[in-house]
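Worksheet for the structure shown next.
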Amino acid sequence: DTAVSQTPKYLVTQMGNDKSIKCEQNLGHDTMYWYKQDSKKFLKIMFSYNNKELIINETVPNRFSPKSPDKAHLNLHINSLELGDSAVYFCASSEFNYGYTFGSGTRLTVV
Amino acid sequence: GQQVMQIPQYQHVQEGEDFTTYCNSSTTLSNIQWYKQRPGGHPVFLIQLVKSGEVKKQKRLTFQFGEAKKNSSLHITATQTTDVGTYFCAEGSGGSNYKLTFGKGTLLTVNP
């Protein structure tokens, strides 16, 4: 069983489209995250959720809307996709103040 | 916000040589975490250091947290080709890991 699973693994879409990435964790963690990794491998936090509540919103454009229906799921919806949104998006989860478990990533390519 | 500077950016070694990556901050860190990301993979948590001067070992990997809690290092003894990847340090802002800020990573390549 995969601890943190995100789908899809790859996403190729045209500019202006809307897309969603789903994430689920079966570790029983209270906190989930979305990170963006750019082409230079820099990992930047986007959102943190604790028990379905938004804790951190790191100045992400409001075209990005996370949704946490329960503490095991954190989805990411992106409206009006732009070329600059191309990146690898990682979902992660953790116990409070401990290491993160990352999903395998979603490689988003906007053309 | 608080940032951790990581050096070197790249390191190429012959198999069997040692490798060290360093993480530095201008302010005191509450804790530091280390991750490894294989090419094409996702970051994998290695360890968390919390105490001043802490040293932890995992087989050939040695992790240190500075006495002033402003720097940390990861040392690999006798590298193997399986050690290839990018090593990241990360710190929790404001003492909480709700916002983990990552260094830019050190890419290690190993020549067999």
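Residue numbers (the working numbering), protein chains in the order written: chain P, 138 to 248; chain S, 4 to 115.
Heads up, the beta-carbon is just placed ideally off N, CA and C, and yes, glycines get one too.
Interface flag, residue i vs chain P, CB-CB below 8 Å
i, result
"residue 103(S)", "yes"
"residue 68(S)", "no"
"residue 31(S)", "no"
"residue 56(S)", "no"
"residue 27(S)", "no"
"residue 88(S)", "no"
"residue 22(S)", "no"
Whole-Å CB distance - residue i paired with residue j, under 8 Å assumed
i, j, result
"residue 249(P)", "residue 100(S)", "With chain P covering 138 to 248 only, the question about residue 249(P) has no answer from this structure."
"residue 189(P)", "residue 202(P)", "The pair is not a contact, with the Cβ atoms about 15 Å apart (cut-off 8 Å)."
"residue 88(S)", "residue 42(S)", "7 Å"
"residue 147(S)", "residue 112(S)", "Chain S is shown only over 4 to 115; residue 147(S) falls outside these bounds and no answer can be derived."
"residue 2(S)", "residue 7(S)", "A question about residue 2(S) goes unanswered here, because the residues of chain S that appear run from 4 up to 115."
"residue 92(S)", "residue 9(S)", "6 Å"
Buried versus exposed, by CB contacts within 10 Å (16 or more), residue i
i, result
"residue 140(P)", "exposed"
"residue 246(P)", "exposed"
"residue 161(P)", "buried"
"residue 53(S)", "exposed"
"residue 166(P)", "buried"
"residue 46(S)", "buried"
"residue 55(S)", "exposed"
"residue 237(P)", "buried"
"residue 233(P)", "exposed"
"residue 24(S)", "buried"
Beta-carbon spacing of residue i, residue j below 8 Å
i, j, result
"residue 182(P)", "residue 192(P)", "no"
"residue 51(S)", "residue 235(P)", "yes"
"residue 59(S)", "residue 90(S)", "no"
"residue 72(S)", "residue 31(S)", "yes"
"residue 218(P)", "residue 157(P)", "no"
"residue 142(P)", "residue 240(P)", "yes"
"residue 248(P)", "residue 151(P)", "yes"
"residue 185(P)", "residue 168(P)", "yes"
"residue 96(S)", "residue 26(S)", "no"
Min CB distance residue i to chain S below 8 Å
i, result
"residue 236(P)", "yes"
"residue 178(P)", "yes"
"residue 165(P)", "no"
"residue 240(P)", "yes"
"residue 139(P)", "no"
"residue 201(P)", "no"
"residue 246(P)", "no"
"residue 187(P)", "yes"
"residue 196(P)", "no"
"residue 144(P)", "no"
"residue 223(P)", "no"
"residue 168(P)", "yes"
Original post:
Fully enclosed by the region 193 to 227 of chain P, which beta strand (DSSP E) runs are 3 residues long or longer?
Top reply: Considered as a whole, the region 193 to 227 of chain P harbours 201 to 207 and 210 to 215 as its complete beta strand (DSSP E) runs of no fewer than 3 residues, in chain order.
**OP:** Would you list, in sequence order, the uninterrupted beta strand (DSSP E) runs of no fewer than 3 residues that lie entirely inside the region 143 to 179 of chain P?
**Re:** Listed in chain order, the complete beta strand (DSSP E) runs (minimum 3 residues) inside the region 143 to 179 of chain P are 147 to 150, 156 to 162 and 168 to 174.
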